[in-house]
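Under my numbering, think of the first position of the sequence shown as 13, with each following residue one higher. Cβ coordinates follow ideal geometry from the N, Cα and C atoms, glycine included.
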Amino acid sequence: MPSETVVVKSISKAVSEGFFYYFGYGSNLLKERIHVQIKEAVFESTGVLSCHELTFYDSSRRWFGAIASIEPKPISK
Numbered sequence: 013m014p015s016e017t018v019v020v021k022s023i024s025k026a027v028s029e030g031f032f033y034y035f036g037y038g039s040n041l042l043k044e045r046i047h048v049q050i051k052e053a054v055f056e057s058t059g060v061l062s063c064h065e066l067t068f069y070d071s072s073r074r075w076f077g078a079i080a081s082i083e084p085k086p087i088s089k
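This is the structure in structure tokens:
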């Protein structure tokens with residue numbers, strides 16, 4: 013894992029301290045897109061949300077493809 017990667021174990025602590033981590037995929041990672049909604053957003057680092065995985069759902073006419081989400085990862089045995 014690169015040294016600049018953040019591993020998030022508790023989102024509630026970050027929220028209580030007045031900031032939050034934004035996890036995005038694909039074009040949602042473009043700073044221009046993020047700044048449309050949050051002008052003061054600042055890039056901190058890439059990250060890994062432990063015990064979660066990127067999933068895709070039904071096709072969307074609006075997005076012209078599958079809808080992405082981050083979901084808790086099932087515990088493997």
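Once you ignore the five residues that flank residue i on each side, which residues in its own chain have a CB closer than 6 Å to its CB?
i: P14; result: Confidence in P14 is poor, its pLDDT being 45 and thus under 50, which makes the residue's placement unreliable; the coordinate value appears in the next sentence. Excluding residues within five positions, none has a Cβ falling inside 6 Å.
Helix, strand or coil for residue i? Go by DSSP, reduced to three states.
i: V48; result: helix
i: G38; result: helix
i: M13; result: Interpretation of M13 is limited by its pLDDT of 43, a score under 50 that renders its predicted location unreliable; the figure taken from the coordinates is listed afterwards. Coil.
If I measure Cβ to Cβ from residue i and keep anything under 8 Å in the same chain, skipping five residues before and after, which residues do I get?
i: H64; result: I82, E83, P84 and K85
i: H47; result: A53
Alpha carbon to alpha carbon, what distance is there between residue j and residue i?
i: F32; j: Q49; result: 14 Å
| Are the stretch 42-60 and the stretch 71-80 touching, with three or more C-beta to C-beta distances below 8 Å? | no
| Which full runs of the beta strand (DSSP E) of 3+ residues lie inside the stretch 46-86, going along the chain? | The stretch 46-86 contains these whole beta strand (DSSP E) runs: 59-61, 64-72 and 77-84.
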